[in-house]
Each structure stands twice: as structure tokens, then as C-alpha cells.
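Asks:
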Ligand SMILES: [Zn+2]
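In this note's numbering, the protein residues as written are -13 to 478.
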């Protein structure tokens, strides 16, 4: 790293806005559906017509308490909503309903594991409920802007961290784990591209060893993991460059240009809004009873860290496999369906399932850009493939071929019949005399290589195995091939 840059230490806090998965909006019955045509999910309440009354969606409160408990927060017994007043064309009400002085969740934390395996605790200052504003569309044509109010009133929670983050890596890990937790709780779909997760980053820099924080700047509306990392890097660099050239950082709201990878000021402190917060007069206080909290605690799912440890213990998987599988809740669910369908429940079979889902299934998800819920082969068909490998009926190579054949199946019944046919077509030859005749044939055909092997080029064993497998159309049992190959090479 540049010695000038490495003199400094960044101080970062993140504010994450997450859309809550509810059917209706925060304070009215309009749908939250993302793909609806513009201005079709609106009503007098979310458009703020005079005389209308908002009614709080109970699911929003339920969801935020779940997140609060997951992030080790205190849950406030009584909290209220406030009006945040400002004018913006996509906010027809002229104010946004949010929580200001009494956020429902406070004083939590989240532990992240760094690359060097060190566990770092990031404090959570608060999590509060609020509603989203609409969306202005400026690029539809040159001489007019359009506005879509569908997002007005869509329920959000805002998760505000303490300024405990000290690097881009930590920011990335923290955001990833927040996203993972939201998805595990099934309260957010984790889709940054559709805007259901957005992030603001507060950044300052100081010389290493200094206690005082530097002046911070806030980058607004980062909507992808890559943009969060790139924007933080760009802002750290901008501030260090400014300080090194004798300048002073002043508080600014920044915007990130993803193409040029630079940040620039959009408004300064002098122009900062005075939101004139006051308690929302149309909503009653939110009261969380001990009973309600208890019910939520009892319904919480197993969290990723706990699930990863359990997979290592229950299925004898190494940490890397277990961690990879449990990153995504639904991927881990899929693995468990596949494992539960196994005929032979032993370490070898678990490892085979782990290999198939991590390599073959993951490859298809990446190629087709789909998630595991959209994947066509049911988990219990994976159990059948794994059983076939562990019992020695087909080789690992053949199992990959079977997997590819099943990808073309349209229904479970069709896949089962495709599986049976492929399993018998590709079943392994374990008859020693049959395999030995192939081994002898290949050695006879390649006398030069045999001589080189005997001269010490032991790695040529792989060459012979390849030829033998080819000759047997991938059906020879590799274990027997190896044994017979070595036996014949010694005695030749
Ligand atoms: Zn509405």
C-alpha cells in the first residue's frame, strides 16, 4: 500500500435501508409489488390527501423486532413515529413518517469474521421504522421528468451502525452479514438491484493512533456491493489527498459516480435540511408487550453461524463446505432436503451431496443467473444421485453426466425415469477381469509410455487412467482401475 495512504485510518459507519417483505404498505392497504405499472399501487393515504388517516401495518413491527433481536438490540416497550418534513416532487405528502427520538431497537451489535479469522464486533446504534418516498424518473426523455408514487409508503427499516468499521473489507463483510440476516429472517429479499436494500456510508479519516474522529462526509444511496466498496475506497482516497495537500475536509453529502469511481459533493452543511421533526399526530404509540416479544423469539430461525457449526458436527463437513452452504438460507435448506433423502446416511454420502450442490448445482445457478428456489432439480433427486455414487453403482464422473441429463427434465416423474435409464447406461464396471483386459490392452498399445513410467515418470499413471476410462466410456470403477493398473505396471 502507498505509504502516505497507510498513515491514515478510515472511520466508517453504515446506514442500511431495507425494505420489509410485507404484502401491503406501512400505513395503508396498497400493494408493495415491485413490478406493477407506475402509479397503480396508490391511494389517498399514501399520497397524503388531507383528512386521510394512516394505520400501522403490524407485520412491519413484527419484522423489525425480529431484526432487533437478531442484532442483539434492546427493544423499546413504547416508541412513537415522527414527521420528517421536506419538499420533494416524489413526496406528495410533504413529509415522511419515520421514527426519530424513540427508535424501537437500540444498542445492539453484530460480529463479523475477518479474512485473518479475527472476530470483530460492530455496534448497532439503532434500528427504526420508516416509509419510503416515490421515485422521480429523469431519463425517460430529454425535456420532462416523470414521477412514480408506487414506492410511497413502502415499509423500510433503517439500521444504523456505530462508527466501528475501519476498512472497506469490514464494511463489505458487515453489509453482507446484515443482508444474510435479513434474508434468513425472511423479512427482506436481499435484492440490491431492485432497491430493496440500499446503503449510506459515513466516512472520515484520521492519522493512525489518533483518538479524535476526523470530519465525516456521507455518501448517499449506494445500491450494490461493488458500489459500496468502490465508493468507500474513492472517498477515503479523496479525503487523504485533500488533507495531504493542505486542505480540510468539510461535512458534505456526497454522491458516487460508478463510471469514474469518484465521489463529489451534492450539498454542504449550510444547505442541509432542517426537517422540523414533530410527533406524528395521526398514529398511536407502538407498544411491544413482553408476550409479543417472547412469541417472536420462539419463532426465530437458526442463524447462519449456528447452522454452520451444526452442519460441521451433524454432517462431518469441513468448515469451508459448511460455511459456503449456509451463506444462503435457501441453499442450505436445499442441501438438507438432499441429505434427508439419502438411503445411506454416512459421512461419505454427506460429502458427496456437499460436492454435488457446491459444484454442479452452484454452476448451473451461476450460468442461468437464477437462485436455488428457481432451480429445477428437486433436492431428493440429488439424494438418488449421491446414493448411486456412494454405493459404487456409478462413478463420480458418471454422476456429473447424470446430473446434466436430469437438467433437461421437466417434472419430478420425468427426472426419476431419466435417472433410472442414465444410471443403468452409465453403471460402473466393477468386474475385475473385464477391467483388467482393458488395462492390458492400453498398456500394450502404449509401450513407450510404459518404459518411461518404469524409468521413474510416475505421473504417467494419470495418462493410463485417462486412456482406460476413455476406452471403458467412463464406466470402469476407478478404484479397481488404479489397483489393476499398478499391479500390471509392476509385473510388465
Ligand atoms: Zn396507499
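We treat Cβ as the ideally placed atom computed from N, Cα and C, and that holds for glycine. Note that the structure is predicted; figures quoted are calculated from it, not measured.
Straight-line CA distance for residue 272 to residue 85?
Replies: As a working mapping, residue 272 is identified with position 286 in the chain shown. As a working mapping, residue 85 is identified with position 99 in the chain shown. Rounded to the nearest angstrom, the two C-alpha atoms are 11 Å apart.
Asks: List the endpoints of the continuous beta strand (DSSP E) containing residue 141.
Replies: For the purposes of this step, residue 141 is identified with residue 155 of the chain shown, where counting begins at 1. Its beta strand (DSSP E) spans residues 141 to 147.
Asks: Check residue 87 in the structure and name its three-state DSSP category.
Replies: Residue numbering aside, residue 87 sits at position 101 when the chain shown is read from its first letter. Here residue 87 sits in coil by DSSP.
Asks: Using CA atoms only, rank isn't needed, just tell me which of 140, 157, 418 is closest to residue 146.
Replies: Counting from one through the chain shown, the residue named residue 146 turns up at place 160. If we check each option's Cα against that of residue 146, 157 comes out closest.
Asks: How long is the line joining the alpha carbons of residue 236 and residue 222, rounded to whole angstroms?
Replies: Taking the first residue of the chain shown as position 1, residue 236 is located at position 250. Taking the first residue of the chain shown as position 1, residue 222 is located at position 236. Rounded to whole angstroms, residue 236 to residue 222 spans 14 Å at the Cα level.
Asks: When DSSP labels each residue in this structure, what does residue 481 get in the three-state scheme?
Replies: Since the first residue of the chain shown is -13 and the last is 478, residue 481 is not available in this structure.
Asks: Based on DSSP bridge pairs, tell me the residues matched to residue 524.
Replies: The displayed coordinates of the chain run from -13 to 478. Any statement about residue 524 would go beyond what the structure contains.
Asks: From the DSSP output, in three-state form, read off residue 455 for me.
Replies: Locating residue 455 in the chain shown gives position 469, where the first residue counts as 1. In this structure, residue 455 counts as helix in the three-state DSSP scheme.
Asks: Do the segment 378 to 395 and the segment 434 to 445 meet, that is, are 3 or more Cβ pairs less than 8 Å apart?
Replies: Not touching, per the Cβ criterion.
Asks: Can the beta-carbon of residue 371 be found less than 8 Å from the beta-carbon of residue 388?
Replies: As a position in the chain shown, residue 371 is number 385, starting the count at 1. As a position in the chain shown, residue 388 is number 402, starting the count at 1. In this structure, residue 388 lies closer than 8 Å to residue 371 by Cβ.
Asks: Determine the extent of the alpha helix (DSSP H) in which residue 365 is found, giving its start and end residues.
Replies: For the purposes of this step, residue 365 is taken as residue 379 along the chain shown, with counting starting at 1. 365 to 376 is the span of the alpha helix (DSSP H), which, as asked, contains residue 365.
Asks: How many Å lie between residue 101 and residue 179 at the Cα?
Replies: Translated into the one-based positions of the chain shown, residue 101 becomes position 115. Translated into the one-based positions of the chain shown, residue 179 becomes position 193. The alpha-carbon atoms of residue 101 and residue 179 are separated by roughly 26 Å.
Asks: To the nearest angstrom, how far is it from the Cα of residue 305 to the Cα of residue 332?
Replies: Residue mapping note: residue 305 aligns to position 319 of the chain shown, counting from 1. Residue mapping note: residue 332 aligns to position 346 of the chain shown, counting from 1. Going from the Cα of residue 305 to the Cα of residue 332 covers about 18 Å.
Asks: What does the alpha-carbon distance come out to for the pair residue 431 and residue 412?
Replies: Here residue 431 refers to the residue found at position 445 of the chain shown. Here residue 412 refers to the residue found at position 426 of the chain shown. Approximately 25 Å, taken between the alpha carbons.
Asks: From residue 310 to residue 21, what distance separates their C-alpha atoms?
Replies: Counted from its first residue, the chain shown places residue 310 at position 324. Counted from its first residue, the chain shown places residue 21 at position 35. Roughly 31 Å between the two C-alpha positions.
Asks: Looking at C-alpha atoms only, which residue of 16, 207, 68, 98 is the closest neighbour of residue 140?
Replies: To locate residue 140, count along the chain shown from 1; it is residue 154. Per the Cα distances, 16.
Asks: Return helix, strand or coil for residue -4, following the three-state DSSP convention.
Replies: The sequence position of residue -4 within the chain shown is 10, counting from 1. Here residue -4 sits in strand by DSSP.
Asks: Which class does residue 244 belong to by DSSP, given the choice of helix, strand or coil?
Replies: Here residue 244 refers to the residue found at position 258 when the chain shown is read from its first residue. Residue 244 falls in the coil class under three-state DSSP.
Asks: Reducing DSSP to helix, strand and coil, say where residue 287 ends up.
Replies: One-based indexing of the chain shown puts residue 287 at position 301. Correct three-state label for residue 287: coil.
Asks: Just mark residue 120 as buried or exposed, buried being the case when its beta carbon has 16 or more other beta carbons within 10 Å.
Replies: Residue 120 sits at position 134 when you count from the first residue of the chain shown. The residue is buried, with at least 16 neighbouring Cβ atoms inside 10 Å.
Asks: Judging by CA-CA distance, which residue of 342, 354, 350, 353 is the nearest neighbour of residue 367?
Replies: On the chain shown, position 381 is the one that residue 367 refers to. Checking every option, the nearest Cα to that of residue 367 belongs to 342.
Asks: So, with DSSP's three-state summary, where would you put residue 95?
Replies: Residue 95 sits at position 109 when you count from the first residue of the chain shown. Of the three classes helix, strand and coil, the one that applies to residue 95 here is strand, per DSSP.
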